[in-house]
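Visitor:
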Amino acid sequence: MTQLLQQIINGLSLGSIYALIALGYTMVYGILKLINFAHGEVFMVGAYTGYYSAGALGISAYEAQHRDFPVYLGLIVLVTAMATAALLGVLIELLAYRPVRNAPRLTPLITAIGVSLFLQNAGMLLFSPNPQRYPAILSEVRFEFFGVIVTNIKLTIFVVALCLMLGLHLFVQKTWTGRAMRALSFNIDAAKLMGIDTDNVIRSTFAVGSALAAAGGILFGLDQITINPLMGVLTGLKAFVAAVLGGIGSIPGAVVGGLLIGLAEQLTAGYLSAEYRDAITFVILILILLLKPEGLLGVVRVEKV
Amino acid sequence: MKRTLLRAAIFVAVLLVIYGLGVACEAGFTEYVQRIVLLAGINVILAVGLNLINGTTGQFSIGHAGFMAVGAYGAAYVGVQLAPVAHRALGTGAVSNAFSFNLALLAGALFAGLSGLIVGLPSLRLRGDYLAVVTLGFGEIIRILFNNATFLGAATGYFGDDPSGLPAYTTFFWVYAWVALIVVLIHNLTFSQTGRSLTAIREDEIAAEAMATPTTRLKVTAFAISAATAGIAGGLFAHMQAGVRPEDFRFEKSIDMIVMIIVGGLGSISGAILGGIFVAVSLELMRDLQQYRLVLYALLLIVIMIVRPQGLLGRRELYQLFRKRKAGSGLESSR
Amino acid sequence: MRSLRRTFISGICLAAFGAVGCKKSATSTSAGGSTAADRATEIIIGHYASMTGSTAHFGQDTDRGIRLALVEANAKGGVLGKKLRLVTLDDRGDSAEAANAVNRLIDVEKVSAVLGEVASSLSLAGGRVAQRRKIPMISPTSTNPKVTEVGDYVFRVCFIDPFQGKVMATFAHDYLKLTKIAILRDVKNDYSIGLADAFKASFLQMSGNVVAEQAYSQNDTDFSAQVTAIRGTGAQAIFVPGYYSEVGSIARTAARLGLKIPLLGGDGWDSPDLFTIGGDAINGSYFSDHFAPDVATDKAKRFVASFTTEYGQAPTGLGALGYEAAEVLVDAIARAGKVEPTAIRDAIAHTKDFEGVTGKITMDAHRNPLKSAVVLKIEGGKAKFETSIAP
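Residue numbers (my numbering), protein chains in the order written: chain Z, 1 to 305; chain B, 1001 to 1335; chain A, 2001 to 2391.
#1: For the stretch 197–240 of chain Z, which segments carrying the alpha helix (DSSP H) assignment without a break, of at least 4 residues, lie completely within its bounds, in sequence order?
#2: Do A:A2049 and A:Q2060 count as a contact pair if the criterion is CB distance below 9 Å?
#3: Are the C-beta of Z:K292 and some C-beta of chain B separated by less than 9 Å?
#4: Which parts of the stretch 1243–1271 of chain B are runs of the beta strand (DSSP E), unbroken and 3 residues or longer, counting only runs that do not cross its ends?
#5: Taking only beta-carbon atoms, is B:F1251 less than 9 Å away from chain Z?
#6: Measure the Cβ-Cβ separation of B:G1231 and B:P1167 and say whether it is below 9 Å.
#7: Give a yes or no on contact between the stretch 1038–1051 of chain B and the stretch 2112–2122 of chain A, applying the rule of three or more CB pairs nearer than 8 Å.
#8: Under a three-way DSSP split, which group does Z:V172 fall into?
#9: Give the list of continuous beta strand (DSSP E) stretches no shorter than 3 residues that lie fully inside the stretch 123–185 of chain Z.
#10: So with CB distances below 8 Å, who are the chain Z contacts of A:L2086?
#11: For A:L2264, which residues does DSSP report across the bridge?
#12: Residues of chain Z with a CB under 7 Å from the CB of A:D2222: which are they?
#13: With A:T2387 as the anchor, note down where its beta strand (DSSP E) starts and where it stops.
#14: Residues of chain B with CB closer than 8 Å to the CB of A:K2146, please, in chain order.
#15: So if I threshold CB-CB distances at 9 Å, which residues from the stretch 270–291 of chain Z count as touching chain A?
#16: Is there a C-beta anywhere in chain E that falls below 9 Å from the one on Z:R203?
#17: Identify, in the order they occur along the chain, each residue of the same chain with its Cβ nearer than 8 Å to the Cβ of B:V1263, setting aside the five sequence neighbours on each side.
#18: Nearest chain B C-beta to A:I2193 closer than 9 Å, yes or no?
#19: Just to confirm before moving on: does the CB-CB distance between Z:V331 and Z:T151 stay below 9 Å?
#20: With 16 as the cutoff for other CB atoms within 10 Å, does A:G2395 come out buried or exposed?
#21: Would you please state the rounded distance, in angstroms, between the beta carbons of B:I1062 and B:I1258? I believe it to be under 8 Å.
#22: Does DSSP put B:Q1310 in a helix, in a strand, or in coil?
#23: Out of Z:N10, Z:P135 and Z:A19, which has the shortest C-alpha to C-alpha gap to Z:Y48?
#24: Between which residues of its own chain and A:G2322 is the CB-CB distance below 6 Å, once the five residues before and five after are set aside?
#25: Taking A:G2319 as the reference, give the member of A:Q2218, A:D2267 and A:I2333 with the closest Cα.
#26: Evaluate contact between the stretch 2141–2149 of chain A and the stretch 2172–2180 of chain A, counting only Cβ atoms and requiring at least three cross-stretch pairs below 8 Å.
#27: Hey, B:D1248 and B:G1108: beta-carbon distance below 9 Å or not?
#28: Compare the C-beta of A:G2021 with all C-beta atoms of chain Z and state if any pair is closer than 9 Å.
#29: Who are Z:N121's beta bridge partners in DSSP?
#30: Give, in chain order, every unbroken run of the alpha helix (DSSP H) that is at least 4 residues long and sits entirely within the stretch 1185–1236 of chain B.
#31: Please classify A:E2355: does DSSP put it in a helix, a strand, or coil?
#32: Taking C-beta to C-beta, are Z:A306 and Z:G257 nearer than 9 Å?
#33: Buried or exposed: which applies to A:C2158, given that a residue is buried once 16 or more other Cβ atoms fall within 10 Å of its Cβ?
#34: When we look at the beta-carbon of B:T1057 and count the other beta-carbons within 10 Å, is it buried (16 or more) or exposed?
#35: Kindly list, in the order they appear in chain Z, the residues whose Cβ is closer than 8 Å to that of A:Y2216.
#36: Do A:T2387 and Z:R133 have their C-beta atoms within less than 9 Å of each other?
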């Protein structure tokens, strides 16, 4: 029983990270109908930006086991990483995706795969392929309830992820840009006719999605101890599956999907076999696409001739 | 009757030419270059097969490495089981080897085709990028299954019981005989009634359906054929490498195949042939660059997509290019 | 605007190509074939490795060790009056490319011997080529017994799995007196699978119990599910025959989940990264290795010092074995008296009591080295000699 609870807690914390990344996929897909394969790499760059900026602020991996760093330093790291990733997201959109935006749908897909490959390999050159120990932005405190262990890191993940998701919700529902994003995902041509600067809105979508992925990257680093330049590949795919599972284009759907994928993965690894922890994600993907392609919380849209 | 004779004569002539070229290649090139030539041939089979589904039919598979893996493992396993039987029945000469090798290749193609059918039947209802992601998922699942299959050597890979590996049956002759066969088959299919229906599906699936084209059946068939050709390539690859290992069929391999067909031009058979050769040669030429190699490879992919998304040839065939120069007629309409 | 962007992108590409070109000419690793004149003054040694891809860190580590060995040999005047030159080719962790690379080393670079690969499955692919072409090959780090069974031109300088598995099983059972052990293996690595199997077989033979078997895949970062599952089984130790890149994380996950039992492992652990990633959590764990840094020979100490000066970090086990493979090869070339593959092969086969950095090496009839193993204990972020085991 304690084991099950422990697996569930671990699964949920992993799932909240997936959810943060899935938001970026779902927003971009909702508007451009593009699977932004490079999103996983933006997540990776976000994690590395956090790694280096923490280093620049004097937060190192070793000392932190015995020393507390003030919370505002952690926030600086978070904001730096989010800003850098947002910039990267906008750059990718500008240089790689905008030129092919009106090409047949598969052209941007291949471009996205290319960008993803490029960033992976550039990451290996810049950051070295060796896994790096993530700086201890938080010093670890463990709480034990009836044998179930929860660390302050897990709690931080839940809190930060929740805050960001609420913030995104407010952004999308209450601000002008958010409303424009929803208009674009409903019908991009009509939105253009209404005088919305679509380029600008798409740019903000990439910026917001990338910033969330970077936050996910930092939480991932804290939780998973090490980061490496290929960390975005599988994590990105899983987050994409989470977005599809929840219903692509749906923000609450991405959150639900992320949590479910995290749980499924953790339970498979714990009770079935860890060899199949990656396979289970793809099995879920295939099942959902075959049985309910609009996803759990998605809206059915009839394809018009 | 006369036509049959003529065809038989052409068939024999082509085999002879391939055989001659093979002899010349073995005499004139180092083993290193010979390997690149073989690899290029295998790539051509992969590209031409993938082009049928991605180019001609307009469906998108980015998990074809999975089918190649099924073919490679299937051919390797069947080959190892079959060899003693063939030796008993036909002796240990070249005939027996050729027999068991080609039977093994066909078995690999059968396995790959069947798995293509299993994957295609449910997932071809999906369109465009969703289909792409499902094929990616299947490709990964197939690789993970092989990685955990202990009777197939798990992560070390499968190479029979002899540590020196599977017999090196993959020669110039066999690779290019299969290349010729598959190119002709796919070419005839593409320019047949069925091929036109496939193109119709690519251009407008709903309109094709309205014209009573059995879209689902055609898509699944094309997918299975495409998977089977990848299986042949896998079997040839296994017997060139003297073994198969799961890590050779990662997502990167599927990307290589995508690069092959988009460099040459999606939907063009001659383009796929050029692309297959291009990937084999360019990856080799860039080997000196070490850590920078894959960065450049990725950049190349991006730049092609932005600057010339239709690839070198677009949907045209190489011979149509020359015809245009002569006649000056529109190409798309000449189809 | 559009054409402007195109120009911009082309510019970036050109710059990238240019940068690569400069880099290339600077390292002298580069290939492009060697002329007969080169061969009169040089001995060319090939190395094929995964310099890119998901195992790039292993390939790059090994390459550094090899490079250092050759630089040092050249500083001493080279061998047989000739300088040694290393040509490294990337195989991106793919077996077709590994075989291509070995063929290219032989045909284009005209190497006299080949060093390589880390992964056994890649060494098998490359080894088959070397064997057929009759060029001697030494694998620094491929532990699967099948690798050297490919033929009489393929050697290695590392332990084989059954040996090291038995060492750790004996250590766990007889020295630590443990009876219940969990195994956590990396299913993407043939090294890890082979070592886990060998350990399990030996440990069961000693009537120990394997209470849990869990798995992970290389480059995984999350191990909480496996550790949580092991936590409930009453295991006294976890045998983790993986690489340093994941072991540190596993140790910290175990500590985080309150599992206070030692981890046991093999020579794949040997890296400074183990301590930086594992931190306090890795203290109290044991692994088998070739030599103990605290009671090392002068030669080993010199190697660690010069590697650290050269690359700014201490060597990993892979780097040390790369260095060792290159040294064994250089020694063999010197004893062969001529730069001729068959003579070099014979000389490698007759390597006897060669004083390497990781111990005395004698090649046995199966082209595997006879070396002894030590077990190290990690204390205070350092590995210290615990005992030596003769299985």
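Beta carbons are placed, not taken as given, at the ideal position from N, Cα and C, and that holds for glycine.
These numbers come from a predicted model, not from an experiment.
Guide: This is what the structure gives:
#1: 198–224
#2: yes
#3: Not closer than 9 Å to any Cβ of chain B, the Cβ of Z:K292 fails to qualify, so no.
#4: none
#5: Answer yes: the Cβ-Cβ gap between B:F1251 and chain Z drops below 9 Å somewhere.
#6: no
#7: no
#8: When DSSP states are grouped into helix, strand and coil, Z:V172 belongs to the helix group.
#9: 142–145 and 148–151
#10: At a beta-carbon threshold of 8 Å, none of the residues of chain Z lie near A:L2086; the nearest stands roughly 20 Å away.
#11: A:F2239 and A:Y2286
#12: Against chain Z, a Cβ distance below 7 Å from A:D2222 picks out L14 and Q224.
#13: K2382 to I2389
#14: T1156 and P1163
#15: G270, Y271, S273, A274, E275, R277 and D278
#16: Looking for chain E here will not work: the only protein chains present are Z, B and A.
#17: G1271, L1274, G1275, F1278, V1279, I1304, G1311 and L1312
#18: By this cut-off, A:I2193 is an interface position.
#19: Summary: the structure shown does not reach residue 331 of chain Z, with chain Z confined to residues 1 through 305, and so no result is reported for it.
#20: Outside the modelled stretch of chain A, which goes from 2001 to 2391, sits residue 2395 of chain A, for which no answer is possible.
#21: 6 Å
#22: Secondary structure of B:Q1310 (DSSP, three-state): coil.
#23: Z:P135
#24: Within the same chain, A:G2322 has close Cβ partners T2062, G2065, I2066 and P2140.
#25: A:D2267
#26: no
#27: no
#28: Caution is warranted here: a pLDDT of 40 is assigned to A:G2021, below 50, making its placement in the model unreliable, and no coordinate value can be reported.
#29: Z:N121 is not bridged to any residue.
#30: If only complete runs of 4 or more residues are kept, the stretch 1185–1236 of chain B shows the alpha helix (DSSP H) at 1193–1203 and 1205–1210, in order along the chain.
#31: strand
#32: Since the first and last residues shown for chain Z are 1 and 305, residue 306 of chain Z lies out of range.
#33: A:C2158 should be labelled buried.
#34: buried
#35: A274
#36: With respect to the 9 Å criterion, A:T2387 and Z:R133 are not classified as neighbours on the basis of their beta carbons.
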